[in-house]
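Each number in my numbering corresponds to the 1-based position in the sequence shown with 143 added.
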Amino acid sequence: WSNEIVFMNPPYGREIGKWVEKAYRESLNGAVVVCLSPARTDTKYWHNFIFPYAEVRFIKGRLKFGGSKNAAPFPSAIVIYKNAF
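Structure follows, in structure tokens:
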């Protein structure tokens, strides 16, 4: 990922923290990583790898993909890692 611009939509299960940590670590190597993430601000990975290091933009309302009738059951955020941190 080094020196690239990467979009990451990680799996939203128990492994998401590992994906977010990977995004953070790759930003230290020069990558710009833009992540679509559940806005679960009470989780350990948010406090360890997002709040101190990333730009966060909260999405208004709940995401709805394609022609789906139902929206996501949680709020979402765009998390942006830049190597400037």
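Heads up, the beta-carbon is just placed ideally off N, CA and C, and yes, glycines get one too.
For residue i, which residues in the same chain have their Cβ closer than 6 Å to its Cβ, ignoring the five residues on either side in sequence?
i: phenylalanine 150; result: Val177
i: isoleucine 221; result: Arg200
i: leucine 171; result: none
Looking only at DSSP bridge pairs, what is residue i linked to?
i: alanine 220; result: Ser180 and Phe201
Could you tell me the boundaries of the alpha helix (DSSP H) in which residue i lies?
i: isoleucine 159; result: 159 to 171
Alpha carbon to alpha carbon, how far is residue j from residue i? Give it in angstroms, no decimals.
i: histidine 190; j: threonine 184; result: 7 Å
i: alanine 166; j: alanine 182; result: 16 Å
i: phenylalanine 228; j: glutamate 147; result: Reliability fails at phenylalanine 228, whose pLDDT of 47 lies under 50, so the model's placement of it is uncertain and no value is given.
i: valine 163; j: serine 145; result: 15 Å
What does a CB cutoff of less than 8 Å around residue i pick up in its chain, not counting 5 residues either side in sequence?
i: lysine 207; result: Asn213, Ala214 and Ala215
What residue range does the beta strand (DSSP E) around residue i cover?
i: isoleucine 148; result: 148 to 151
Kindly confirm or deny that the stretch 208 to 216 and the stretch 156 to 167 touch, where touching means at least three C-beta pairs closer than 8 Å.
Under the Cβ criterion (8 Å, minimum of three pairs), the stretch 208 to 216 does not count as touching the stretch 156 to 167.
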